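K.L.:
Numbering (the numbering used here), first residue to last: 25 to 307.
This is how it looks when you write it as structure tokens:
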């Protein structure tokens, strides 16, 4: 009886071509960076999967491939352990799959790391009475703090920053708005789950004025004079919030130039927004 195949790890001799053809290969597509992506869409027993994986790595090594990405749906969690035992590591996970990666060459691993940042927005909304839209939260960092804050939230995957700001204001206060500019942004490290945080202060113009607060998240919501917002004790005692408040006050009083949003077109047909100072540059 022949012995079972052994792991094909870095530096090991590749399997003979006839052996690879006898075992078969995993279905894979080439990526743009000299690697391959395997999307395991069909259920498979581990005793079938492991020989296929070993033969595939051997073949990819002979072809000079670099990174290997294996996407395992949650229904195939049985393949996680055998994949890790073949030298793969976790890269990232979503609600319905786990992505594992493997670097074939003996050169330094250049596979990109998992997403490093969470993107958030704060919405500066001011009416023609120089009142700003503010809320007090039931949960989170501001729970129990006697401070008014702008509506805030996280940008969803695939969502534009400007659209996220409009959505969060509508969800938290019921106010319809139009995006105007990004006034400022900050970067903070070691935030939620150790990720860095990018926070964009967005100016929006109100299209409606009657507040309907989000009862599940918001304790109170109202329009208050901008000077009252700026001069809160909390803002004075916390420099980042003081800066944001004073930037918004300056915008309300003068020609402070923020970053407006303009649709652009990529060669692949996507239409991302480009944010820039539209006062000093006209495309």
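Backbone N, C-alpha and C define an ideal beta-carbon position, used for all residues, glycine too.
None of these values were measured; they are calculated from a predicted model.
Between the C-alpha atoms of residue 264 and residue 48, what's the straight-line distance to the nearest angstrom?
P.N.:
Here the question's residue 264 lines up with position 240 in the chain shown. Here the question's residue 48 lines up with position 24 in the chain shown. Approximately 58 Å, taken between the alpha carbons.
K.L.:
Any idea which residues DSSP pairs residue 116 with across the strands?
P.N.:
Walking along the chain shown from the start, residue 116 turns up at place 92. Paired residues: 123.
K.L.:
Does DSSP put residue 256 in a helix, a strand or coil?
P.N.:
Here the question's residue 256 lines up with position 232 in the chain shown. Three-state DSSP puts residue 256 in coil, outside helix and strand.
K.L.:
What is the DSSP secondary structure of residue 29, counted as helix, strand or coil?
P.N.:
On the chain shown, position 5 is the one that residue 29 refers to. Low confidence applies here, because residue 29 scores a pLDDT of 38, under 50, leaving its location unreliable; read the following figure in that light. Of the three classes helix, strand and coil, the one that applies to residue 29 here is coil, per DSSP.
K.L.:
Alpha carbon to alpha carbon, how far is residue 143 from residue 221? Give it in angstroms, no decimals.
P.N.:
The residue labelled residue 221 in the question sits at position 197 within the chain shown. The residue labelled residue 143 in the question sits at position 119 within the chain shown. Using only the alpha carbons, I get a separation of about 6 Å.
K.L.:
Would DSSP call residue 36 helix, strand or coil?
P.N.:
Mapped onto the chain shown, residue 36 falls at position 12. Only weak support is given to the placement of residue 36: the predicted model assigns it a pLDDT of 46, under 50, and the value that follows is read from those uncertain coordinates. If DSSP states are grouped into helix, strand and coil, residue 36 belongs with coil.
K.L.:
Determine whether the beta carbon atoms of residue 226 and residue 166 lie at a separation below 8 Å.
P.N.:
To locate residue 226, count along the chain shown from 1; it is residue 202. To locate residue 166, count along the chain shown from 1; it is residue 142. No, they are not a contact pair.
K.L.:
Just checking my contact of residue 107 with residue 135 at CB under 8 Å: how many whole Å lie between their CB atoms?
P.N.:
Counting from 1 along the chain shown, the entry for residue 107 is found at position 83. Counting from 1 along the chain shown, the entry for residue 135 is found at position 111. Contact doesn't hold; Cβ gap of about 15 Å is too wide.
K.L.:
Let me check one thing: in DSSP terms, what residues is residue 287 bridge-paired to?
P.N.:
One-based indexing of the chain shown puts residue 287 at position 263. For residue 287, which the question treats as bridged, DSSP gives the partners 297.
K.L.:
Taking three-plus beta-carbon pairs below 8 Å as touching, is the segment 206 to 215 in contact with the segment 266 to 280?
P.N.:
yes
K.L.:
I'd like to confirm the pairing. Which residues does DSSP put opposite residue 161 in its beta bridges?
P.N.:
Translated into the one-based positions of the chain shown, residue 161 becomes position 137. DSSP lists 242 as partners of residue 161.
K.L.:
Using 8 Å as the threshold, is the C-beta distance between residue 145 and residue 185 below it?
P.N.:
Sequence index remark: in the chain shown, residue 145 carries index 121 (1-based). Sequence index remark: in the chain shown, residue 185 carries index 161 (1-based). Yes.
K.L.:
Note down, in chain order, each residue of its chain lying with its Cβ closer than 6 Å to the Cβ of residue 178, except the 5 sequence neighbours on either side.
P.N.:
For the purposes of this step, residue 178 is identified with residue 154 of the chain shown, where counting begins at 1. Closer than 6 Å at the Cβ level, and outside the excluded window around residue 178, lie 144.
K.L.:
From 171, 51, 301, pick the residue whose C-alpha is nearest to that of residue 255; which is it?
P.N.:
Sequence index remark: in the chain shown, residue 255 carries index 231 (1-based). Nearest option by C-alpha distance: 171.
K.L.:
Three or more C-beta pairs closer than 8 Å, one from the segment 84 to 95 and one from the segment 50 to 65: is that the case here?
P.N.:
yes
K.L.:
Can you grab the Cα-Cα spacing for the pair residue 97 / residue 104, in whole Å?
P.N.:
To locate residue 97, count along the chain shown from 1; it is residue 73. To locate residue 104, count along the chain shown from 1; it is residue 80. Near 10 Å, if we compare the C-alpha coordinates of residue 104 and residue 97.
K.L.:
Just reading off the alpha helix (DSSP H) that residue 264 is part of, what are its end residues?
P.N.:
On the chain shown, position 240 is the one that residue 264 refers to. Counting along the chain, the alpha helix (DSSP H) containing residue 264 begins and ends at 263 to 277.
K.L.:
Using the beta-carbon count (16 or more within 10 Å), is residue 308 buried or exposed?
P.N.:
Since the first and last residues shown for the chain are 25 and 307, residue 308 lies out of range.
K.L.:
Could you check the C-alpha separation between residue 113 and residue 152 for me, to the nearest Å?
P.N.:
Translated into positions along the chain shown, residue 113 becomes position 89. Translated into positions along the chain shown, residue 152 becomes position 128. Linking residue 113 to residue 152 through their CA atoms gives a straight-line distance of about 55 Å.
K.L.:
Of all the options 236, 240, 257, which has the alpha carbon lying nearest to the alpha carbon of residue 247?
P.N.:
Residue mapping note: residue 247 aligns to position 223 of the chain shown, counting from 1. Among 236, 240, 257, the Cα nearest to that of residue 247 is on 236.
K.L.:
At the level of alpha carbons, what is the spacing between residue 118 and residue 94?
P.N.:
To locate residue 118, count along the chain shown from 1; it is residue 94. To locate residue 94, count along the chain shown from 1; it is residue 70. Near 14 Å, if we compare the C-alpha coordinates of residue 94 and residue 118.
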